[in-house]
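S.K.: One structure follows; several queries about it will come next.
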Amino acid sequence: IHGGLRYLEQFDFGLVGEALRELSLLLSRLAPHLVWPVPFIYPLRHRVWERGYVAAGVNLYDAMASRRRDNPLPRHKHLSRRALMRLFPALHPDRFVGGIRYFDAGTDDARFVVALARTAAAQGAAITTSTRAVGLVKAGKRVAGVLAHDMETGRIIEVRGRVVVNAAGVWSDDIESLAGERSPQVTASKGIHIVVPRDRIRADAGLITKTEKSVLFVIPFHDHWLIGTTDTPWTLGKAHPAASRADIEYLLGHLNSLLREPLGPGDITGVFAGLRPLVTGEAESTAKLSREHSITRPAPGLVSIAGGKYTTYRVMAEDVVNEATSHFAEPPPPTRTRDIPLHGAIGWQQSGSGPHAGHLRRRHGSDTAHIEALIAEEPVLGEPVVPDAPYLRAEVVWAATHEAALHLDDVLTRRTRISIEVPDRGIAAAPVVADLMAPVLGWDPATVARELEHYRARVAAERDSQEMPDDRTADAARMGAPDVRTAGNRRPSAGGE
Numbered sequence: 011i012h013g014g015l016r017y018l019e020q021f022d023f024g025l026v027g028e029a030l031r032e033l034s035l036l037l038s039r040l041a042p043h044l045v046w047p048v049p050f051i052y053p054l055r056h057r058v059w060e061r062g063y064v065a066a067g068v069n070l071y072d073a074m075a076s077r078r079r080d081n082p083l084p085r086h087k088h089l090s091r092r093a094l095m096r097l098f099p100a101l102h103p104d105r106f107v108g109g110i111r112y113f114d115a116g117t118d119d120a121r122f123v124v125a126l127a128r129t130a131a132a133q134g135a136a137i138t139t140s141t142r143a144v145g146l147v148k149a150g151k152r153v154a155g156v157l158a159h160d161m162e163t164g165r166i167i168e169v170r171g172r173v174v175v176n177a178a179g180v181w182s183d184d185i186e187s188l189a190g191e192r193s194p195q196v197t198a199s200k201g202i203h204i205v206v207p208r209d210r211i212r213a214d215a216g217l218i219t220k221t222e223k224s225v226l227f228v229i230p231f232h233d234h235w236l237i238g239t240t241d242t243p244w245t246l247g248k249a250h251p252a253a254s255r256a257d258i259e260y261l262l263g264h265l266n267s268l269l270r271e272p273l274g275p276g277d278i279t280g281v282f283a284g285l286r287p288l289v290t291g292e293a294e295s296t297a298k299l300s301r302e303h304s305i306t307r308p309a310p311g312l313v314s315i316a317g318g319k320y321t322t323y324r325v326m327a328e329d330v331v332n333e334a335t336s337h338f339a340e341p342p343p344p345t346r347t348r349d350i351p352l353h354g355a356i357g358w359q360q361s362g363s364g365p366h367a368g369h370l371r372r373r374h375g376s377d378t379a380h381i382e383a384l385i386a387e388e389p390v391l392g393e394p395v396v397p398d399a400p401y402l403r404a405e406v407v408w409a410a411t412h413e414a415a416l417h418l419d420d421v422l423t424r425r426t427r428i429s430i431e432v433p434d435r436g437i438a439a440a441p442v443v444a445d446l447m448a449p450v451l452g453w454d455p456a457t458v459a460r461e462l463e464h465y466r467a468r469v470a471a472e473r474d475s476q477e478m479p480d481d482r483t484a485d486a487a488r489m490g491a492p493d494v495r496t497a498g499n500r501r502p503s504a505g506g507e
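Printed below as a string of structure tokens:
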């Protein structure tokens, strides 16, 4: 979650202003339990021109942020070399003359999505997971609904509506092709992060610095650092983008050019990759493509939104719904999302009082008291899933009962971050999690065995992909593990519902 300081260099003032407004809303009203201020250091290598150049951008950034009365972020501060080394002693002392400290924000994006989905459900939305759009329903030439494949059961479900919104990210063009549209609107850009334990980099702030292609972030994330990112075109399978050895070496190389004690592959506990859905443009590099969103009407009854940034998700939703309903005889009332806190936000600081309340509040907000109640009923649920991660067994049960977790990787990868925060990538935790999920979801021994087999295969495939030299070989290695969400694992059926 960030205002986009680096986009000022591209003169993208509208995007930065919009992102800063949303950032302030998230911190102050919408999700204070899930979004928190983070100090960042911009280290300076040149004494005169670089300090003035960077300061001009950060001054403008602060000025744009301070236009909001509810902006909770402190202003930037210039740092001498000595002050820089106090805040970030891991830096090589001979390579920097000082720095500038400014503030952005951090979040756990998967926890945020769960809270957002639960908030929408409370307002009347029907939420489905493991569901893929495989066709469009037509009424004449007009799109009137979607054929959805339930990947858990194999059923095909027909969902009708007055308008269909295509917000499928990197799959946007695939959805439009179902309506007969073939012009590409979205370019997929791969970004990877590596994860290392907090004690491997001695610092009390995050870090941002420019690279020859983009920027490098070192982001504090609880007991770890997230280090990224890359920004490269991706034309292979979209379901499981893979990090290659070249990607990892690129990040380690740039990071180690800053540190007094270099890190190696053995310091990495996890690696993850994702795809950015960028609006197709004429730029030679994906790093230069706009992060602003674009709304189009590719066919009657179908509205598409592409591009955008995580931070501005709420504005994107407001804009696309306004466009989708603009031709209704009776348009809906104006959006209230600016004023509706996400699930868990109200009373989050007062929820719970047990020894794990601090950890639970930052992940579950006001649900903390409910999770503590599970522990009170069954004290063993207050134990950690594995000794070297902070997640409690009660959180696994809560994920299966209240957060739509259906598979091991839902819990190990998204409801928690065990898969990237422990060196074995969650292999030791998997049987513990399976035993906790099984009675909740009605798994028999065969299902437990299948879940464990799939998770172990996934970890092995990801490890293999990260040893491959390039995207193509990494993708082939990653695809060696089948997806647990396939109808082939269950009795297939078809029909409307």
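Residue numbers for the sequence shown follow the numbering used here, so the first one is 11 and each next one is one higher. The beta-carbon is built from N, C-alpha and C at its ideal position, and this holds for glycine as well. Just so you know, these numbers come straight off a predicted model, no measurement behind them.
(1) Write down every uninterrupted run of the beta strand (DSSP E) in the stretch 122-187 whose length is 3 residues or greater and which is fully enclosed by it, in chain order.
(2) On a Cα-Cα basis, can you pick out the residue from G311, G362, V196 and A448 that is closest to A410?
(3) So is K319 buried or exposed if we call it buried at 16+ other beta carbons inside 10 Å?
(4) Going residue by residue through the stretch 223-293, where are the continuous alpha helix (DSSP H) segments of at least 4 residues, counting only ones entirely within it?
(5) What's the C-alpha gap between V534 and L288?
(6) By the three-class DSSP mapping on this structure, what secondary structure does T496 have?
(7) Taking DSSP as the reference, what is the three-state secondary structure of I379?
(8) When you measure from the CB of I211 to every non-hydrogen atom of the ligand PLP, does any distance come out below 7 Å?
(9) How is H203 classed by DSSP in three states: helix, strand or coil?
(10) With 16 other CB atoms within 10 Å as the buried threshold, where does L299 fall?
(11) Excluding five sequence neighbours on each side, which residues of the same chain lie with their C-beta closer than 6 Å to the C-beta of R270?
(12) Would you tell me roughly how many angstroms separate the C-alpha atoms of D209 and P251, rounded to the nearest one?
(13) Is the beta carbon of Y52 less than 8 Å from the beta carbon of T219?
(14) Here's a check: name, in chain order, each residue in its chain whose Cβ is nearer than 6 Å to the Cβ of R129, leaving out the five neighbours to either side.
(15) Cutting at 7 Å between CB atoms, please list the residues of its own chain near L273, excluding the five before and the five after it.
(16) Find the nearest neighbour of R172 within the set A339, A93 and L402, judged by alpha-carbon distance.
(17) Identify the continuous beta strand (DSSP E) that holds S314 and give its terminal residues.
(18) Could you give the residue range of the alpha helix (DSSP H) that holds R485?
(19) For A136 and R495, what's the separation of their Cα atoms in angstroms?
(20) Keeping to the same chain, check which residues put their C-beta closer than 6 Å to that of A404; ignore five residues upstream and five downstream.
(21) Rounded to a whole number of angstroms, what is the C-alpha to C-alpha distance between R212 and M95?
(22) Evaluate I356 with the Cβ neighbour count: other Cβ atoms within 10 Å of its Cβ, from every protein chain shown; 16 or more gives buried, anything less gives exposed.
(23) In its own chain, which residues sit with a C-beta less than 7 Å from the C-beta of L236, not counting the 5 before and 5 after it?
(24) Would you tell me roughly how many angstroms separate the C-alpha atoms of W408 and F106, rounded to the nearest one?
(25) Just how far apart, CA to CA, sit L422 and I428?
(26) In whole angstroms, what is the alpha-carbon distance linking G62 and T163?
(27) Note down, in chain order, each residue of its chain lying with its Cβ closer than 7 Å to the Cβ of E413, except the 5 sequence neighbours on either side.
(28) What does the alpha-carbon distance come out to for the pair G368 and A41?
(29) Helix, strand or coil: which one does DSSP assign to R403?
(30) What's the C-alpha gap between A66 and D214?
(31) Taking only the alpha-carbon atoms, compute the straight-line gap between L451 and L416 and give it to the nearest angstrom.
(32) Could you give the C-beta distance for A316 and S182, rounded to a whole number, given that I count them as a contact under 8 Å?
(33) Tell me the start and end of each unbroken beta strand (DSSP E) in the stretch 38-126 that is at least 3 residues and wholly inside, in chain order.
(34) Please go through the same chain and pick out, in chain order, the residues whose beta-carbon is closer than 6 Å to the beta-carbon of A379, but skip the five residues on each side of it.
(35) Would you mind reading off the limits of the beta strand (DSSP E) that contains P308?
(36) Hey, how far is the Cα of A456 from the Cα of P492?
M.R.: To lay it out plainly:
(1) Those beta strand (DSSP E) runs which fall completely within the stretch 122-187 and span 3+ residues are 141-149, 152-160, 166-170 and 174-176.
(2) A448
(3) In this structure K319 is buried. Its beta-carbon is surrounded by 16 or more other beta-carbon atoms within 10 angstroms.
(4) 255-266
(5) A question about residue 534 goes unanswered here, because the residues of the chain that appear run from 11 up to 507.
(6) coil
(7) Note on identity: in this sequence residue 379 is Ala, with Ile being the wrong assignment. In this structure, A379 counts as helix in the three-state DSSP scheme.
(8) Absent from the structure shown: the ligand PLP. Ligands present: none.
(9) strand
(10) In this prediction, L299 has a pLDDT of 48, which is less than 50 and means its spatial position is unreliable; what the coordinates show is noted afterwards. That one is buried.
(11) H102
(12) One alpha carbon belongs to D209, the other to P251, and they sit about 29 Å apart.
(13) A Cβ-Cβ contact shorter than 8 Å links Y52 with T219.
(14) It should be noted that the sequence gives Thr, not Arg, for residue 129. Leaving aside the five residues that flank T129 on each side, the residues in its chain whose CB is nearer than 6 Å to its CB run, in chain order, L352 and H353.
(15) Excluding sequence neighbours, L273 sits near V206, R210, L262, L265 and N266.
(16) A339
(17) L312 to G317
(18) Just to set this straight, residue 485 is Asp in the shown sequence, not Arg. Going by DSSP, D485 is part of the alpha helix (DSSP H) stretching over D481 to R488.
(19) 20 Å
(20) I381, L384, I385 and L391
(21) 10 Å
(22) By the Cβ neighbour-count rule, I356 is exposed, with fewer than 16 other Cβ atoms within 10 Å of its own.
(23) H203, V205 and I229
(24) The alpha-carbon separation between W408 and F106 amounts to approximately 47 Å.
(25) 5 Å
(26) 60 Å
(27) Its chain contains V124 and R425 as the residues whose beta carbon lies nearer than 7 Å to that of E413, once the 5 sequence neighbours on both sides are disregarded; these appear in chain order.
(28) If you draw a straight line from the Cα of G368 to the Cα of A41, it comes to about 16 Å.
(29) helix
(30) For A66 and D214, the distance between alpha carbons rounds to 24 Å.
(31) 8 Å
(32) Sure, about 5 Å apart at Cβ, within 8 Å.
(33) 45-54, 87-90 and 108-117
(34) Non-local beta-carbon contacts of A379 in its own chain, meaning distances under 6 Å to residues more than five positions away in sequence, involve S361 and G362 in chain order.
(35) H303 to A309
(36) The alpha-carbon atoms of A456 and P492 are separated by roughly 17 Å.
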